[in-house]
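Colleague: Top line first, the protein sequences correspond to chains A and B. Just so you know, our numbering puts 188 at position 188 of the first sequence, and the rest follows in order with no gaps. Just so you know, our numbering puts 459 at position 459 of the second sequence, and the rest follows in order with no gaps. Glycine residues also receive a C-beta, built at the ideal position from the N, C-alpha and C atoms.
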Amino acid sequence: MKDLGDSARALDKLSIGRLVSLFEDTRAEVAGDRAAVLAALADSPRRARFIGITGAPGSGKSTLVGQLGTRLVARDPDAAVAVLAVDPSSHVSGGALLGDRTRVRFAPGEKRLFFRSQASDRDLGGVGRGTFQVCRLLYYLFDYVLVETVGIGQSEVEIQHVADYTYLLVQPLAGDQVQFMKAGIMEVPDAFVVNKYDQVEAAERAYHALEASLRMARLGRSGPPVIFKTSATTGVGLDELVADLARPDLPRKPMADKEAYFFEKWVRDQYGRVGLRRLDGGAATWLAAHDGFEAAQQAFAARMVSSPRAD
Amino acid sequence: MATDGSKPHQLVDADGAPTRDRPWIFRTYAGHTSARASNELYRANLAKGQTGLSIAFDLPTQCGYSSDHPLARPEVGKVGVPINSLDDFHVLFEGIPLEQMNTSMTINGTSMWLLALYVALARERGIDEARLRGTTQNDIIKEYLARGTYIFPPEASMRLIAEMYEYCLEKIPDWNASNVCSYHLQEAGATPAQELAFALANAIGILDLIRERGRFDADKLERCVGRISFFVNAGIRFVEEMCKMRAFADLWDEIARERYGVGNPRYRRFRYGVQVNSLGLTAAQPENNAWRILLETLGVTLSRKARCRALQLPTWNEALLLPREWDQQWSLRLQQILAYETDLLEYPDLFDGSVVVESKTAELIAEARSEIDRILEMGGVRAAVESGYMKAALVRSMAARIARINRGDQVVVGLNKWTEALPSLLLAGDDGGLFKVDQDRVAEAHAALERTVVNRDGALVARALAALEEAAKSGANMMEPSIECALARVTTGEWSDALRRVFGEYRAVTGVEGQSLDLEGERLTALRQRIAQFAESHGHRPRLVVGKPGLDGHSNGAEVISVSARHAGFDVIYSGIRLTPAEIVASAVEENADLIGVSILSGSHLELANQIMAELDAAGARGRIPVIVGGIIPEGDVATLRAAGVAQVFTPSDYELIDVVERMLGVIEEHAAAAA
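#1: Which partner residues of E148(A) appear in the DSSP bridge assignment?
#2: Check T651(B) in the structure and name its three-state DSSP category.
#3: Of all the options G379(B), R271(B), Q328(B) and A467(B), which has the alpha carbon lying nearest to the alpha carbon of S178(B)?
#4: Using the three-state DSSP reduction, which class does R324(B) fall into: helix, strand or coil?
#5: Whose C-beta lies closer than 8 Å to the C-beta of T70(A) among residues of the same chain, with five residues either side of it excluded?
#6: What does E24(A) touch in chain B if you count any residue whose Cβ is under 7 Å from its own?
#7: Under a CB-based cut-off of 8 Å, is M21(A) close to chain B?
#8: If you drop the 5 nearest sequence neighbours on each side, which residues of the same chain put their C-beta closer than 8 Å to that of G514(B)?
#9: Can you check the segment 583-632 of chain B for any alpha helix (DSSP H) of at least 4 residues that lies completely inside it and give the ranges in chain order?
#10: With a CB to CB cut of under 6 Å and the five nearest residues on each side skipped, what residues in its chain are close to L214(A)?
#11: Please state whether DSSP places Q439(B) in a helix, a strand or coil.
#12: What number of angstroms, rounded off, separates the C-alpha of G576(B) from the C-alpha of I206(B)?
#13: In terms of residue numbering, what span does the alpha helix (DSSP H) encompassing R271(B) cover?
#14: Note down, in chain order, every chain A residue with its Cβ under 7 Å from the Cβ of I573(B).
#15: Shorter than 8 Å from the beta carbon of R18(A) to some beta carbon of chain B?
#16: Counting contacts by CB-CB distance shorter than 8 Å, is L14(A) in contact with chain B?
#17: So who's on the other strand from A310(B), going by DSSP bridges?
#18: Tell me, please, whether the CB atom of F760(B) is closer than 8 Å to any CB atom in chain A?
#19: How would you list, in chain order, the residues of chain B whose beta-carbon sits under 9 Å from the beta-carbon of G32(A)?
#20: Identify, in the order they occur along the chain, each residue of the same chain with its Cβ nearer than 6 Å to the Cβ of G630(B), setting aside the five sequence neighbours on each side.
#21: With a Cβ-Cβ cutoff of 8 Å, do A56(A) and E148(A) count as a contact?
#22: Identify, in the order they occur along the chain, each residue of the same chain with its Cβ nearer than 8 Å to the Cβ of I584(B), setting aside the five sequence neighbours on each side.
#23: So if I threshold CB-CB distances at 7 Å, which residues from the segment 293-323 of chain B count as touching chain A?
#24: Compare the beta carbon distance of Y260(B) and L221(B) with 8 Å and say whether it is the shorter of the two.
#25: Is there at least one Cβ from chain B nearer than 8 Å to F293(A)'s Cβ?
#26: In this structure, what does DSSP give as the bridge partners for I227(A)?
#27: Which residues, taken in chain order from the segment 36-52 of chain B, show a beta carbon closer than 9 Å to some beta carbon of chain A?
#28: Would DSSP call N102(B) helix, strand or coil?
#29: Using a Cβ-Cβ cut-off of 6 Å (strictly less than) and excluding sequence neighbours within five positions of I55(B), which residues of its own chain qualify?
#30: In whole angstroms, what separates the C-alpha of D78(A) from that of A42(A)?
#31: Label H540(B) either buried or exposed according to how many other C-beta atoms from any shown protein chain fall within 10 Å of its C-beta, with 16 as the threshold for buried.
#32: Name the chain B residues whose beta carbon is nearer than 7 Å to that of T233(A)?
#33: Go ahead and pull the three-state DSSP assignment for Y140(A).
#34: Do you know how far the Cα of Q199(A) is from the Cα of G175(A)?
#35: So, for E656(B): in the same chain, excluding its five sequence neighbours on each side, which residues have a beta-carbon less than 7 Å away from its beta-carbon?
#36: Chain A beta carbons: is any one of them nearer than 8 Å to that of R663(B)?
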């Protein structure tokens, strides 16, 4: 694991590809390997910021993400960028068709750009079951991790627990389709992007509709909403968006908070309400009392096995 | 005989004298290796009685790359002739009188460039360009949907088409600036009603745009409607296909009249050329394809009212690889026998008044109308392409077709019925019944390109390209600047790159999302169990990276396999078309794939497979990730591919999807067991 970790730090794609699989691995027995990898990476100089890119199918997420990645590495010769693109799994077969790669073209020799597709594995929150786990790994390997969500709209709320900062993409509007603005998802994003601004007229319509409904929906928030205008085709607005997500004062969420959220989610998935009741002091307390996420999981599993109902 | 003594069966001319129709134009879709080799072929074909040219370009030319581009190299001269500059056109048409020729060019993404080359050639030969006759295929919609040789985004591509119509109407009145294609839609699985609706919606999209641009007054718009021509497919259900052609003629007349107010019936006529169906040709017992081609020909010739203007036939061995000159001659002879030996051309329409034909036609018209309305409601053909609606509909139809064949509901002789047969004697020749590109002669294309670049005036080239870019940015018509580029010896790659800088490059939506296949039953259940077991013992579902290396954009096969594998429970990473071997390997490495599956229909499978193996080596992943190859692969090449390290090879005879998916899982399981 140490060797793999070292070559991953040197951005070797074969090693990173294999390690991502380790962090997606659903078998309980690999938790120890994960902990070992993270321990080997602990002194890495990189600490990625996580950028969420969400929006309905067809809003141009993948194409935009590809452009952002290319521009991030072009403006900073040291920057390394990973993209994690989540697509839905079939509820019938469990399999998935991950098609985001068709819209992203990174030069195969560019080590500082890494792209990985991930199946949602029937999770409904807009990111995959393995997304957070993989983010824990990528945290130590890259400077930016762009997480592209499934994009099915109203259920896309989980991204805020993975990403430090989330952009919602909106596409140009034909006619009077404004109802999308009412959805609860409008509460999640930190900023908005009206994409495909090459279709200027329809994009303007979307911009104004978005601005109006945001004023309504986000009454409690301070300041006007931030809305970017971009086109991956013409390049309009991309530099501004890149500058925004790369700014030094971009808000960050502590990794410990994210771990606590996903630890609780894991307990809920594995043990249901019974499990949650046994997490007496809360996930953060439990995590703090153990040496890392994996150790906390193992200890909790042991607790549930030894006395599943009560202490 | 009627009571007045007239004979309704007698075809008469305007003066009432008995007559016989002139035959349609006979064409053979041809071109390969180099401009010189193709010129020799065209002259031989014309000497055999072919009456028009149909030029096949190689994939680099179609996708806007010169022969020396890395993506181009394995594909030069494979499926058509490579054209890098006007110098190549001089060689291609040597000894062929342009002013007497009707030339059809199967060219789309770069059609303005190829027309500019043709006009420039006429100018350098001192021929009045107004006398040029022919067609540039120039249908970008079906490229996005099925064929894959697009370059620019839809808006820019549609502008190029509109500008060619605007130029041609003024300067080359007998040129068909584009050919609205339903051909490729049928190849991609379209039903007859879909073929009608999608093609007509496409024509509406072009004409609406031209009307919106406002360069034409009412009179010119009417003439422009008259310039719209179609390129249609004809399948084996030839009675229905004939009715489809009659439905096309009726619907087009109605659209021209009602939507565009065309008064002159001449400009409302449905003008079309045909290539009969290749989708239904089989690799098994390939000699049977000769009969299929004959029957399909009847669908587009029997009814005088809906008879094609030009016809090109595939060859019996097209499902195997490229045809030889002899195969093309055999197909041409079929046309000549039908037109000159039989009495077909002596009669008026045979089916007027037929209750069956009229009812079937009416049914197709009704279905097509409602589908056209649906597309127009969505915002027209461009919206229906960009949203993926049309692509998804085609993939669904294709999946349904495959399912019918798999279940035996649709009989394909030699494929799912009467499969026992004697070995084909047609494949018995020294060449195995197939054409092979002479790699030494491909070098001619590279040498010619080098000569052109050395001999041209660099300053002139730079000025011509700058003027082209300026026109692209300003919205001026790009036709004349393109002709200036041609005259200055700009190359195909340079012309395309100039426009890429202005318009960007486009990636079309795939049809793979949200699809399902009619694959049910015990075998599927068993397969899903096997996959569940794999997932449990390995901690992940089998991961398959699917991609199409090279420039061949026929993505249906790759998409159907992707959908099938997902349906069985794979995680499939579909990485799309036009990829270099390095890109495919990089995808597989990043995705930590269990298997790479590539689909190749262009004939470049040996080169591409070797390059993929070399890239795996370079990435340190050889032996880690097994590779399978599928496509139009001759049986004779299977062993060569296996020897190069390919784990499994799927040829056109492996048409059963569940079988393909089982074998893919088998490769993964075997590989995992060996690694453990």
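Modeller: With the given structure in hand:
#1: I53(A) and A85(A)
#2: Assignment of T651(B) by DSSP, reduced to helix, strand and coil, places it in the coil class.
#3: R271(B)
#4: coil
#5: F106 and L113
#6: Going along chain B in sequence order, the residues near E24(A) (Cβ under 7 Å) are H540.
#7: In the sequence as displayed, the identity of residue 21(A) is Ser instead of Met. Answer yes: the Cβ-Cβ gap between S21(A) and chain B drops below 8 Å somewhere.
#8: With a pLDDT of only 46 at G514(B), under 50, the local geometry of the prediction cannot be trusted, and the value read off the model is given with reservation. Answer for G514(B): A392, listed in chain order.
#9: 605-618
#10: P225
#11: Helix at Q439(B).
#12: 27 Å
#13: Unbroken run through R271(B) is the beta strand (DSSP E), R271 to V276; no alpha helix (DSSP H).
#14: L98, R101 and S117
#15: yes
#16: Answer yes: the Cβ-Cβ gap between L14(A) and chain B drops below 8 Å somewhere.
#17: Paired residue(s): I25(B) and G273(B).
#18: In the structure displayed, chain B extends from 1 to 676; residue 760(B) sits before or after that span and is not available.
#19: Simply none; closest approach about 13 Å.
#20: S599 and F650
#21: no
#22: Taken in chain order, the residues that qualify are V545, G547, P549, S575, I596, V598, I612 and E615.
#23: Those would be none; no residue qualifies.
#24: yes
#25: no
#26: Looking at the DSSP output, I227(A) shares a beta bridge with F192(A).
#27: none
#28: Note: N102(B) maps to strand in three-state DSSP.
#29: G31 and M105
#30: 19 Å
#31: buried
#32: Residues of chain B passing the Cβ test: P153 and G504.
#33: coil
#34: Unreliable placement is indicated for G175(A), whose pLDDT of 47 sits below 50; the coordinate value is still reported in the next sentence. So the alpha carbons of these two residues sit roughly 13 Å apart.
#35: N406
#36: No, its Cβ sits nowhere closer than 8 Å to a Cβ of chain A.
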